[in-house]
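S.K.: Residue 52 in numbering that gives the first Met the number 0 sits at position 53 of the sequence shown; the count goes up by one each step and never skips.
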Amino acid sequence: MSKLDTRSIEERLEKLEGWEYKDNAIHTSLEFENFKEAFSMMTRIAFEAENQQHHPEWTNVYNTLNISLSTHDAGGVTEKDFKLALAIEKLIDA
């Protein structure tokens, strides 16, 4: 999978609310009602990430989940990152 250029990344980000491009990755921060809700969403995302064989870099502090997506093998953001980001958005909206 080849790395996307900045313009392509920014165009794709227009379709993803709350995501931004910086430091060679796309990022979002999600806030939930409490730790249990945040951890539950992390579990759901983990199953999807494993299914796609593409894993996020993330942190969780209490009710906040920070997610960064980048394809390390390609040295930046690829279609794989946007595919996982879209899946994450669907999980959040479900």
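C-beta atoms are modelled at their ideal positions from N, C-alpha and C, and glycine is treated no differently. None of these values were measured; they are calculated from a predicted model.
Take the Cβ of V76 as the centre, count every other Cβ of all protein chains shown within 10 Å, and call the residue buried at 16 or more, exposed below.
M.R.: Locating residue 76 in the sequence shown gives position 77, counting from the first residue. Classification for V76: buried.
S.K.: For the pair the segment 61 to 78 and the segment 26 to 45, tell me if three or more CB-CB distances fall below 8 Å.
M.R.: Yes: at least three Cβ pairs fall under 8 Å.
S.K.: Are the Cβ atoms of N59 and A37 separated by less than 7 Å?
M.R.: The residue you call residue 59 lines up with position 60 of the sequence shown. The residue you call residue 37 lines up with position 38 of the sequence shown. Result yes, Cβ atoms of N59 and A37 sit closer than 7 Å.
S.K.: Where do the N-terminal and C-terminal ends of the alpha helix (DSSP H) with N50 fall, by residue?
M.R.: For the purposes of this step, residue 50 is taken as the residue at position 51 of the sequence shown. First-last of the alpha helix (DSSP H) with N50: 34 to 51.
S.K.: Cβ atoms of F81 and R6: under 7 Å apart, would you say?
M.R.: The residue given as residue 6 occupies position 7 in the sequence shown. The residue given as residue 81 occupies position 82 in the sequence shown. It is not a contact, given that the beta carbons lie outside the stated cut-off.
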